[in-house]
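In numbering that gives the first Met the number 0, the protein residues as written are 0 to 131.
For every residue, glycine included, the Cβ atom is placed at its ideal position computed from N, Cα and C.
Structure record follows, encoded as structure tokens.
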Amino acid sequence: MYLEVDEQQFELHSKLGVAKKIEKRFKSTIGQIFGKLDVAEIDELIDILAIATQKEGEELKEFKNLVIDNFDYGDLNIAVQDYIIELQFSGTPEQNEKKLQKLQLPENQKNEIRKALGLPVHKTEDSTGNEL
């Protein structure tokens, strides 16, 4: 996944090694961290993206400053949410659909994930048989 900040592209890595670094930084499991994003501080959200860039030293500072100078809160929030989805579903579209099928989630939640991943949305019906 790539993140554009001030016309610069940054690769956000999404393998387990990065997830482990995020857990170490926040001293919590990935599930706990992602469950608390709605109360996370701005610096914490930036740190999630910064860790994903795998940059260090001056490059890391530059990335953080670019985000601070060019993003509003909505941009930051969307970038982190998109990254979380990428962290969980970094495979091919076919692989991601198989992962979604295995999840114990309501179909409407799976469809939200499909939308974020650019996958076709499945039709769902309510209890009366009407299409939603």
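Thinking residue 106 and residue 11 are a contact (beta carbons under 8 Å), I'd like their distance in whole angstroms, please. Counting from one through the sequence shown, the residue named residue 106 turns up at place 107. Counting from one through the sequence shown, the residue named residue 11 turns up at place 12. No, residue 106 and residue 11 are not in contact; Cβ-Cβ is about 28 Å, not under 8 Å.
I believe residue 42 touches residue 24 by the beta-carbon criterion, under 8 Å. Please report the beta-carbon distance rounded to the nearest angstrom. In the sequence shown, counting from the first residue as 1, residue 42 sits at position 43. In the sequence shown, counting from the first residue as 1, residue 24 sits at position 25. Going by Cβ atoms, the distance from residue 42 to residue 24 rounds to 11 Å, so no, they are not a contact pair.
Spatial distance of residue 32 from residue 82 (CA atoms): Reading the sequence shown from its first residue, position 33 is the one you call residue 32. Reading the sequence shown from its first residue, position 83 is the one you call residue 82. Answer to the nearest angstrom: the Cα atoms are 13 Å apart.
What separation, rounded to the nearest whole angstrom, lies between the Cα atoms of residue 80 and residue 35? For the purposes of this step, residue 80 is identified with residue 81 of the sequence shown, where counting begins at 1. For the purposes of this step, residue 35 is identified with residue 36 of the sequence shown, where counting begins at 1. One C-alpha to the other measures close to 12 Å.
So with Cβ pairs under 7 Å, would you call residue 31 a contact of chain D? Absent from the structure: chain D. Only one protein chain is present.
Taking just the CA atoms, how far does residue 28 sit from residue 7? Residue numbering aside, residue 7 sits at position 8 when the sequence shown is read from its first letter. Residue numbering aside, residue 28 sits at position 29 when the sequence shown is read from its first letter. Going by the C-alpha atoms only, they are around 31 Å apart.
Count the CB pairs spanning the segment 13-23 and the segment 85-97 that are closer than 8 Å, and state whether there are at least three. Between the segment 13-23 and the segment 85-97 there are three or more C-beta pairs closer than 8 Å, enough to call the two in contact.
Based on Cα-Cα distance, which residue from 57, 56, 62 lies nearest to residue 48? The residue given as residue 48 occupies position 49 in the sequence shown. Taking the Cα of residue 48 as reference, the smallest distance to any Cα among 57, 56, 62 is reached at 62.
Taking 8 Å as the limit between beta carbons, can you name the residues of its chain near residue 14, skipping five residues before and five after? Taking the first residue of the sequence shown as position 1, residue 14 is located at position 15. These residues qualify, in order along the chain: 89.
Would you decide whether residue 110 is buried or exposed? Buried here means 16 or more other CB atoms lie within 10 Å of its CB. What you label residue 110 is simply residue 111 of the sequence shown in a count that begins at 1. Looking at its Cβ environment, which holds 16 or more other Cβ atoms inside 10 Å, residue 110 is buried.
Start and end of the beta strand (DSSP E) containing residue 15? The count along the sequence shown starts at 1 and reaches residue 15 at position 16. Taken as a continuous stretch (DSSP letters only), residue 15 belongs to no beta strand (DSSP E), being part of the alpha helix (DSSP H) at 15-25.
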